[in-house]
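Chains as they are written, first to last, in this note's numbering: chain L, 2 to 279; chain D, 2 to 279; chain C, 2 to 279; chain S, 2 to 279.
This is the structure in structure tokens:
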């Protein structure tokens with residue numbers, strides 16, 4: 002399991018976002034509360050939108066809690082759309098190409114959970130990836146293949162539909178291989194403007210936690226000293242696999258089997274259902 | 002805080018020693034039970050005696066639990082005297098030169114605990130290191146300076162006396178700087194033949210845990226499937242900061258403020274008292 | 002391009018093999034003479050046979066010339082069959098899973114050269130890998146896929162035939178994609194007993210260099226101070242992508258388009274010709 | 002030896018500065034022309050001024066030429082004062098704390114060259130560092146000790162004088178230890194506003210190369226496609242250990258034994274002479 006955070010709003014310093022709260026993502030890398038694994042020390046990654054249309058990605062194979070480059074960089078990078086991820090490896094080796102977020106063009110993707118029995122279903126899944134996209138796969142994780150399946154199935158045009166089709170495909174292939182619960186997932190993906198978040202697990206299995214922040218005005222009153230909240234605009238939003246603080250009322254749980262989108266205009270929240278391949 | 006293990010006996014495979022028990026050192030790197038820090042993910046090191054009089058040292062800056070080189074090497078290295086250490090950094094950066102065990106000539110040294118307020122006492126302590134030895138210091142930890150102080154004060158001739166003098170010096174310097182509890186320590190050191198272990202903290206403070214194994218014959222009966230115990234000779238001994246298994250009776254706690262030696266012939270256990278500089 | 006070395010004979014210390022000659026492999030990592038790239042600083046790996054039937058592999062992502070673990074380990078590891086490789090990456094990222102030698106069961110494989118336009122032919126090649134073997138692929142290099150193709154096509158039973166079939170397949174796929182010169186290669190592979198070496202390039206292109214040592218008795222006279230040669234048995238052999246010293250007469254060039262085997266009994270040298278898929 | 006670059010002017014993208022020229026610093030990491038060592042693959046570092054008064058520093062222990070984080074970050078970081086350094090280690094290990102530029106408060110420092118026989122003079126030099134500053138030393142290089150000597154001797158108030166006194170001290174200590182040529186140096190240091198550059202070697206020894214760019218207007222005409230030059234203001238300046246391109250007339254060599262300052266207002270160039278301790 003892993004822990005992740007997605008932010009959208011007015012530009013904030015990464016240090017305020019990643020380090021500046023009681024139970025920050027960096028604290029979670031050492032002591033997560035809600036995941037299966039308390040320690041998320043198998044590498045990390047951050048992605049943000051800056052000078053180019055394509056986002057920047059900075060990744061490390063050391064635990065996030067003692068990466069000095071991350072600590073230093075985050076004091077000098079300001080962005081209005083940030084993804085951050087700390088990894089607890091299931092099988093795939095700890096190497097930069099296995100660290101989230103993954104990137105394709107102007108899109109980012111990160112995942113908590115796993116495609117079960119990946120070693121047995123991997124080949125069949127990889128065959129479904131569009132041959133042109135296949136060339137870009139660099140690592141050996143289930144999460145990256147999941148991303149490329151979603152891209153193949155239309156992520157750039159219809160994110161919720163593409164993820165539903167990718168999940169349906171993973172479930173169909175898993176079942177063909179006799180995998181009981183093919184998939185656990187919380188997923189965040191973005192095109193640099195909106196953030197889509199998904200919470201789901203196959204066949205009614207327990208689902209990983211997923212939360213989004215209540216409106217910033219309320220939070221700001223509760224944490225008057227928090228610099229990130231001071232800098233964040235009123236419509237700023239956080240989507241996280243685990244709350245960053247303990248205050249009741251600051252975080253809403255995303256219901257099981259649902260997806261939402263944080264976007265310019267009104268946010269949305271819907272039920273999520275996989276679409277099986279015909 | 003850190004966790005460590007020292008083995009002396011007939012040659013065993015490192016994999017059996019490091020991975021082959023219920024609560025092995027590698028498991029402790031992720032989930033220690035007795036230390037202040039549950040996670041010891043800030044690098045690791047092993048030292049062993051092999052082809053040369055000087056021991057080999059292999060160190061890594063990644064967490065021990067996912068280091069593939071360590072896993073692989075340990076299946077092919079067999080030794081009769083092994084030190085292993087997993088680190089939880091207090092201040093000093095995670096770099097190879099800060100990973101234990103430290104080596105000088107044919108000696109190894111590892112330490113759990115800390116010289117408190119090291120940043121303020123470091124200069125005065127370093128000044129006490131013999132200028133010729135000073136040249137060898139490569140890292141920035143308190144533990145390495147402690148080792149070089151002990152070397153300066155006669156470690157190679159009289160280990161218990163030299164450690165007592167080094168501790169006395171650290172306490173005197175600490176008090177001069179107003180440090181309340183100058184030192185916490187469990188220490189293991191070896192010349193390739195005997196292993197000396199120390200347990201102590203200044204001014205009656207709580208002391209880090211330290212254990213040694215009961216005789217191998219008993220252990221072998223309790224763990225009939227343990228390959229290391231099968232290979233270990235009857236006089237083999239383990240000294241550890243935390244027991245490797247849960248079975249009652251297999252481990253003896255070293256009493257507070259004491260030192261012992263595992264050696265050819267009878268082992269010894271004595272009270273430990275610092276010797277103040279005159 | 003990369004540089005590599007394979008040794009077979011009586012057990013020698015790795016330090017003598019890797020560091021103890023004028024133009025050693027470690028020197029070649031910084032200053033190769035014959036390759037396209039002078040610097041081979043993009044990771045390294047060594048494989049050797051020790052305690053188990055399966056070989057040990059130790060790999061690093063730093064340049065070999067300043068890896069302290071390699072320096073230290075090599076002074077304590079003695080083996081009678083050793084592979085060593087320093088990498089100059091063409092495209093694939095510098096990560097442990099992309100460092101040679103690659104291992105499957107008791108086999109090792111290393112490669113200098115490249116499958117040209119790999120990004121375009123990769124998918125078609127990977128599809129030809131046996132699905133059970135496919136699960137083991139961890140990295141993203143052409144060399145590893147080449148190894149798994151050879152394994153799929155019978156490497157364990159008939160190494161020269163399997164490599165010929167793998168090369169034929171790579172050429173057929175490359176040509177289908179309009180690649181002018183599909184493959185450059187010098188390859189070494191071993192089952193722990195014999196070493197097979199190959200030198201070849203598609204369509205008469207220039208071929209990477211490959212040498213084997215003349216008999217040890219002669220070399221020993223020429224280098225009376227060389228510890229490795231003192232330890233090596235008379236039938237010991239070195240196969241290298243570049244000579245380890247400059248003395249004329251010590252090294253025989255393997256002719257273009259040929260393969261040889263160093264084995265118990267008489268060594269062999271034959272012409273190499275790819276076998277096209279039907 | 003090492004290679005370095007310092008930039009001052011209107012904000013430019015790091016990617017244009019580090020990668021966007023024929024013989025860029027990243028190219029020099031693999032193939033330097035003027036230094037003693039062609040390969041500068043023993044780590045790297047960049048420092049720049051951004052959100053805070055204190056500069057950001059990003060360092061790596063891999064060769065700069067294949068660091069993907071550096072490549073990615075540099076496309077999203079824009080700054081008007083940048084230091085960049087690629088290292089060829091003489092003795093000190095390759096670890097982040099040994100990578101230039103070094104930082105203290107709002108100052109940066111980088112060095113090409115060495116304090117000769119550092120292992121023997123180190124202790125005497127370190128003793129001269131102000132005890133409060135001593136606490137900040139984290140690495141084991143001569144260059145970092147040089148920086149802290151300069152800080153001790155007034156760098157923040159009078160950079161040329163402080164460096165002259167530090168050099169005088171290094172020479173006095175070196176001579177006391179019988180070192181023939183105590184120091185080789187090109188040095189760059191900055192407070193975030195001005196850049197001071199120094200070129201010197203003890204006792205008339207050969208001096209490392211040092212260049213500064215001619216005025217940007219001329220360069221822009223010579224390289225009409227260079228994005229960095231397009232973005233750079235007319236008063237922008239580059240100080241480099243080796244020219245970034247081959248065009249005659251674009252670079253001025255700093256004369257031996259001199260120092261200069263790039264600053265708001267007119268730049269200056271003076272002779273450099275060490276000041277011996279009394």
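Positions of the beta carbon are idealized from the N, C-alpha and C atoms, including for glycine.
Predicted, not measured: the structure shown is a model, and the values here were computed from it.
Asked	Found
Three-state secondary structure assigned by DSSP to residue 133 of chain C	helix
Cα-Cα separation, residue 159 of chain D to residue 210 of chain D	24 Å
Proximity of residue 281 of chain S and residue 185 of chain S at Cβ, strictly below 7 Å	Outside the shown range of chain S, which is 2 to 279, sits residue 281 of chain S, and nothing can be said about it.
Bridge-paired residues (DSSP) for residue 116 of chain D	D:184
Neighbour-count burial assignment, residue 179 of chain D, 16 or more Cβ in a 10 Å radius	exposed
Cβ of residue 83 of chain S within 7 Å of any chain L Cβ	no
Three-way DSSP call (helix, strand, coil) for residue 161 of chain C in this model	helix
Cut-off 7 Å between Cβ atoms - residues of its own chain near residue 170 of chain S, not counting five sequence neighbours on either side	129, 150 and 278
Expected contact under 8 Å - CB spacing of residue 190 of chain C and residue 156 of chain C to nearest Å	7 Å
Spatially closest choice to residue 199 of chain C from C:177, C:238 and C:112, by CA coordinates	C:112
Assigned exposure category for residue 243 of chain S - 16 Cβ within 10 Å defines buried	buried
Spatially closest choice to residue 269 of chain S from S:231, S:206, S:195 and S:223, by CA coordinates	S:195
6 Å CB neighbourhood of residue 55 of chain D in its chain, flanking five on each side removed	107
Sheet register partners of residue 189 of chain S (DSSP bridge)	S:111 and S:198
Closer than 6 Å: residue 139 of chain C CB and nearest the ligand ADP heavy atom	What this structure holds is no ligand at all, so the ligand ADP is not there to describe.
The segment 95 to 119 of chain S: positions lying closer than 8 Å to chain D by Cβ	96, 97 and 98
Buried versus exposed, by CB contacts within 10 Å (16 or more), residue 101 of chain S	buried
The segment 162 to 177 of chain L touching the segment 214 to 225 of chain L, judged by at least three CB pairs closer than 8 Å	no
Identity of the residues DSSP links to residue 271 of chain L by a beta bridge	L:260
Member of C:230, C:26 and C:18 whose CA lies at the smallest distance from the CA of residue 3 of chain C	C:26
Chain-ordered neighbours of residue 67 of chain C on chain S, where CB pairs are closer than 7 Å	43, 90 and 95
Paired residues, beta bridge with residue 8 of chain L - DSSP	L:83 and L:239
Interface positions of the segment 253 to 269 of chain L facing chain S (Cβ-Cβ less than 8 Å), listed along the chain	none
Presumed contact (8 Å Cβ cut-off) between residue 264 of chain C and residue 17 of chain C, rounded CB distance	Between residue 17 of chain C and residue 264 of chain C the Cβ distance is about 23 Å, and since that is not below 8 Å, they are no contact.
Per-residue contacts from residue 40 of chain D into chain L (C-beta, under 9 Å)	31, 32, 39, 40, 42, 64 and 66
Sub-7 Å separation of residue 259 of chain C and residue 246 of chain C beta-carbons	no
Cα-Cα separation between residue 204 of chain D and residue 207 of chain S, rounded to whole angstroms	58 Å
Interface residues of chain S facing residue 73 of chain L [CB-CB closer than 7 Å]	57, 58 and 59
Given 8 Å, three or more beta-carbon pairs between the segment 230 to 243 of chain D and the segment 119 to 133 of chain D	no
Test: residue 70 of chain D CB closer than 7 Å to a CB of chain C	yes
Closest Cα partner of residue 19 of chain C within the set C:256, C:235 and C:230	C:230
7 Å Cβ cutoff, residue 141 of chain D in contact with chain S	yes
Distance CB(residue 22 of chain L)-CB(residue 93 of chain L) smaller than 7 Å	no
Alpha-carbon to alpha-carbon, residue 182 of chain C and residue 119 of chain C	11 Å
Spatial neighbours of residue 201 of chain L in its chain, beta-carbon cut-off 6 Å, leaving aside the 5 residues before and after	186, 258 and 273
Residue 57 of chain S: first and last residue of the uninterrupted beta strand (DSSP E) it sits in	57 to 61
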